[in-house]
Amino acid sequence: MSIKKYVFGSFKQSKIEVTDPDAQYFIDVAPIINYVQANAINTLVTSLKEKNIWDKMQAIYPFVGGTANTHKFNLKSPIDADSSFRITYFGIQEHNNKGMEFISGSYALTQFNFNRDSVINDFHWSSYIRTATPCYLFQGGRCQLFNTIGVNGKMAAVSDLYDDSGSLNSRVMKENLDGKGYYLASKTLINGRHSIYKNGNLLNINYGTQGILNNNNVSIGSYLYGSDMSIISFATIGKGLTDNESLNLYKIIEEFQTSLGRQV
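Right, dumping it as structure tokens:
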């Protein structure tokens, strides 16, 4: 596939070099017509497969294409259906090549439900945040931290990064003074290890197999189903990741973001 690019007074033919069939499927469905974005998607998919992370992903939201339509698709299963964890928007968001900016009161609801689609001791979720303001990849609708799932970039009140698998005993917290960055929380089957990471670095861990996952769909860019004016440019949901896998995932996503000129 090739497209024409206008360069210095003339049109230059630019080729979209896609070698992976999963990447091609997403590019065709979204659709992605920008050759830089398409090539970045191809590299993203092939890198995830090379590091044996692709099969651990259930939902990948790369937020490319710059529109609400292109941003709604799950790279792992780019089908326009709730069963493929397609995003549904509530309120007003601004969509551009940097990702999604959430206007007050808005959020993006995935159809992924941890209680239905995952297990208590084998899951992860992550979010790439471009703003220092509070932002969340969140499941549930409760004010208290008990029995909630969340990645909190920067809490306005206490400036903590937190993750809670459904029990206060397995809650993990770490001081976090800057909301920008790539956040990942993971719980693995080995000893119920519960870990939080920022930019590939392990921040804190806890152990415990207790807790009940909420029976609510995951929302992106919101807390208590209300937005925080954040800009999010990548998100993932899937099975639990080790320290090494979490670091490799960060490196792959950072390379993807850099190729699109939107790294932080």
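Under the working numbering, the first residue of the sequence shown is numbered 236, with each subsequent residue one higher.
Cβ atoms here follow ideal geometry from the backbone N, Cα and C, with glycine treated the same way.
Whole-angstrom C-beta distance between residue j and residue i, which should lie under 8 Å
i: F308; j: I472; result: F308 to I472, Cβ: 14 Å. No contact.
i: L495; j: A275; result: 6 Å
Exposure label - residue i; buried when at least 16 CB within 10 Å
i: D263; result: exposed
i: N269; result: buried
i: S318; result: exposed
i: L424; result: exposed
i: N304; result: exposed
i: I467; result: buried
Identity of the residue in the options nearest residue i by Cα
i: L283; options: T305, A258 and N304; result: A258
i: I431; options: N331, I440, F358 and I425; result: I440
i: Q328; options: T493, G496, L476 and G456; result: G456
i: D255; options: T278, M335 and Q272; result: T278
i: K486; options: G435, D478 and I466; result: G435
i: G233; options: S421, N450 and L412; result: With the chain covering only 236 through 499, there is no way to say anything about residue 233.
i: F337; options: Y418, Y324 and Q272; result: Y324
i: I288; options: E490, R497 and N483; result: N483
i: S339; options: S353, G326 and F298; result: G326
i: E252; options: Y260, N331, A273 and I267; result: A273
Start-to-end residues for the beta strand (DSSP E) that takes in residue i
i: E336; result: G334 to F337
i: Q492; result: Here Q492 belongs to no beta strand (DSSP E); instead the alpha helix (DSSP H) covers D478 to S494.
i: F298; result: Segment: none, F298 is in no beta strand (DSSP E) and carries neither H nor E.
i: Q328; result: Q328 to N331
i: R428; result: R428 to K433
Residue i (DSSP reduced to helix, strand or coil)
i: T423; result: coil
i: Y460; result: With a pLDDT of only 49 at Y460, under 50, the local geometry of the prediction cannot be trusted, and the value read off the model is given with reservation. Coil, per DSSP.
i: T383; result: Here the model assigns T383 a pLDDT of 48, short of 50, so the residue's position is not dependable and the matter cannot be decided.
i: N366; result: Residue identity check: residue 366 is Thr in the sequence provided, not Asn. Residue state, collapsed to three classes: coil.
i: V253; result: coil
Alpha helix (DSSP H) segment containing residue i, residue limits
i: Q259; result: P256 to V264
i: K409; result: Taken as a continuous stretch (DSSP letters only), K409 belongs to no alpha helix (DSSP H), being part of the beta strand (DSSP E) at V407 to E410.
Heavy atom of the ligand ATP within 8 Å of residue i beta-carbon
i: R428; result: In the structure shown, the ligand ATP is absent, as is every other ligand, since no ligand is present at all.
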